[in-house]
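Going by the working numbering, the letters in the sequence shown line up with residues 192 to 371, in that order.
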Amino acid sequence: MKKKKILLVSHGQFRKEFLEKIIKDVQLNFNVPVHHVVDRTDMSPFFDASRRQYDANKLLKSLDSVSTAANIKTIGLYRVDLFIPILTFIFGQAIFKGKTGVVSTYRLRNEQYGMIGNEDLIYERFRKVVFHELGHSYGLIHCHIPVCVMRSSTYVEDIDQKKHLFCPKCKEELDNLMAK
Ligand SMILES: [Zn+2]
Ligand SMILES: [Zn+2]
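Next up, the structure:
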């Protein structure tokens with residue numbers, strides 16, 4: 192199996208432990224080396240003033256220029272509100288069978304829904320979205336198994352209902368795709 196690394200590119204103030212956890216969890220579950228860099232580029236070119244959100248498609252394109260041949264996948268981690276034109280907001284997005292993906296904590300926060308904040312819950316949700324988007328980038332499609340991480344999620348409640356793990360069928364498919 193090829194052992195190219197996954198690159199996580201964080202933008203904005205993430206807690207150190209939060210980043211350490213996601214690096215470790217991706218490494219454990221995808222069984223490839225995971226590297227992390229902090230991105231300090233100006234976010235204003237990605238801001239859509241009329242929507243007051245950041246354009247995920249533009250961010251995906253910009254990540255393409257960061258990723259190198261050494262990285263099999265490059266995932267951007269954000270704290271800002273992301274959108275794609277056809278949706279009000281997104282938790283994450285990835286290029287299907289592509290190299291890049293984006294994930295944001297913004298809509299994963301309880302405060303967004305008038306509830307008391309819960310850092311552990313944000314992490315649990317975040318990890319699921321990161322795994323889900325990585326799954327798409329390797330070529331997995333949505334799964335109907337309720338607890339499978341590849342189940343599609345429209346609301347945070349949907350994310351809470353699934354686990355962070357791939358069901359046996361998706362796991363087998365992922366292993367095959369990753370071995371290519
Ligand atoms: Zn999806
Ligand atoms: Zn599945």
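Glycine residues also receive a C-beta, built at the ideal position from the N, C-alpha and C atoms.
Review point. Where are the beta strand (DSSP E) runs, 3 residues long or more, that stay fully inside the stretch 259-328, in chain order?
Key: 262-269, 283-285, 291-295
Check your understanding: Would the beta-carbon of Lys350 be found less than 8 Å away from any heavy atom of ligand 2?
Key -> For this step, residue 350 is matched to residue 159 along the sequence shown. The question names Lys, yet the displayed sequence has Ile at residue 350. No - ligand 2 has no heavy atom lying nearer than 8 Å to the Cβ of Ile350.
**Study point:** Alpha-carbon spacing of Arg242 relative to Pro236, whole angstroms
**Key:** Residue 242 sits at position 51 when you count from the first residue of the sequence shown. Residue 236 sits at position 45 when you count from the first residue of the sequence shown. Spanning the two alpha carbons is a distance of roughly 14 Å.
Review point. Is Met341 near ligand 2, going by C-beta to nearest heavy atom under 8 Å?
Key: Counting from one through the sequence shown, the residue named residue 341 turns up at place 150. Yes, Cβ of Met341 sits closer than 8 Å to a heavy atom of ligand 2.
Practice item. Grab the span of the alpha helix (DSSP H) containing Ser241 for me, first residue to last. Key: Here residue 241 refers to the residue found at position 50 of the sequence shown. Counting along the chain, Ser241 falls outside any alpha helix (DSSP H), and DSSP gives it neither H nor E.
Practice item. Taking only runs that begin and end inside the stretch 196-246, name each unbroken beta strand (DSSP E) of 3 or more residues, in chain order. Key: 196-202, 225-230, 244-246
Check your understanding: Between Glu324 and Leu331, what straight-line distance do the alpha-carbon atoms span, to the nearest angstrom?
Key -> Counted from its first residue, the sequence shown places residue 324 at position 133. Counted from its first residue, the sequence shown places residue 331 at position 140. Here the alpha carbon of Glu324 sits roughly 9 Å from the alpha carbon of Leu331.
Check your understanding: Taking the C-alpha atoms as reference points, what is the distance between Leu250 and Gln303?
Key -> If you number the sequence shown from 1, residue 250 lands on position 59. If you number the sequence shown from 1, residue 303 lands on position 112. One C-alpha to the other measures close to 22 Å.
**Study point:** Which of helix, strand or coil DSSP assigns to Lys354
**Key:** Counting from one through the sequence shown, the residue named residue 354 turns up at place 163. Coil.
Exercise for review: Grab the span of the alpha helix (DSSP H) containing Pro337 for me, first residue to last.
Suggested key: Locating residue 337 in the sequence shown gives position 146, where the first residue counts as 1. Unbroken run through Pro337: none, as it is neither H nor E.
Review point. Is any heavy atom in ligand 2 found nearer than 8 Å to the beta carbon of Lys354?
Key: Counted from its first residue, the sequence shown places residue 354 at position 163. Lys354: no, Cβ never under 8 Å from ligand 2.
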